[in-house]
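Worksheet: one structure, shown below.
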């Protein structure tokens, strides 16, 4: 099953996903985590490459389903004989490895969208504080980078002040800009121009 996780690297949070796999060890199998991150790194009892994970699946060291009559080790309980299958897409380990590659790509694209959205929000704030032509061009440039359907950053589409502004709506008055700064940025402004 996939869980959203984060790791810290060079002071930045990097988004990831956690999958469960079974590791063959002394006398049975243990359920372990396989973590994949937006930066392409994998962690399975330490850093590991996707090729190494693929090799472990081929040799049987890693699996998604407990083989018949094998034992599953559960920490603090010991070994139990049971049937177990991880919650992963059907189609065997090749399909699972494909889903890992797809997950990494999704994490990378989501991270980029979040970065673009953050830049756009900061540029909108700067423009609200100082509505100069230069700040508007920066805002417009970052807004145009947002993917289709992901450009409502503050409200639903038809109410979002940024969408209204970018679609040629009336320029907000000083009072409206003050309201937006107070409402969307908790009044984080010093001198409104």
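In UniProt numbering, the protein residues as written are 1 to 193.
A virtual CB, placed ideally from N, CA and C, is assigned to each residue, including glycine.
For clarity, every value in this text was computed on a predicted model and none was experimentally measured.
| task | Determine the direct distance from the alpha carbon of residue 175 to that of residue 158, and round the result to whole angstroms. | result | 20 Å
| residue 77, enclosing alpha helix (DSSP H) - first and last residue | Segment: none, residue 77 is in no alpha helix (DSSP H) and carries neither H nor E.
| request: Mark residue 161 as exposed unless 16 or more other C-beta atoms lie within 10 angstroms of its C-beta, in which case mark it buried. | output: buried
| request: Hey, could you find the ends of the alpha helix (DSSP H) residue 135 is sitting in? | output: 133–144
| Do you know whose CA, among 133, 163, 136 and 137, lies nearest residue 147's CA? | 163
| query | Does the region 66–80 come within contact of the region 35–51, defined as at least 3 CB pairs closer than 8 Å? | reply | no
| task | Quick one: using the 10 Å Cβ neighbour count with 16 as the cut-off for buried, is residue 1 buried or exposed? | result | Bear in mind that a pLDDT of 42 at residue 1, under 50, signals an unreliable position, so the model cannot answer this.
| Can you tell me whether DSSP reads residue 70 as helix, strand or coil? | coil
| request: Would you kindly work out how many angstroms separate the C-alpha atoms of residue 75 and residue 149, rounded to a whole number? | output: 46 Å
| query | Closest by CA to residue 7, which one among 21, 43 and 27? | reply | 43
| message | For a test of the three-state rule: what should DSSP assign to residue 170, helix, strand or coil? | response | If DSSP states are grouped into helix, strand and coil, residue 170 belongs with coil.
| field | Local Cβ density within 10 Å of residue 17, reported as buried at 16 or more and exposed below that | value | buried
| query | Between the C-alpha atoms of residue 120 and residue 63, what's the straight-line distance to the nearest angstrom? | reply | Approximately 44 Å between the Cα atoms of the pair.
| Local Cβ density within 10 Å of residue 81, reported as buried at 16 or more and exposed below that | exposed
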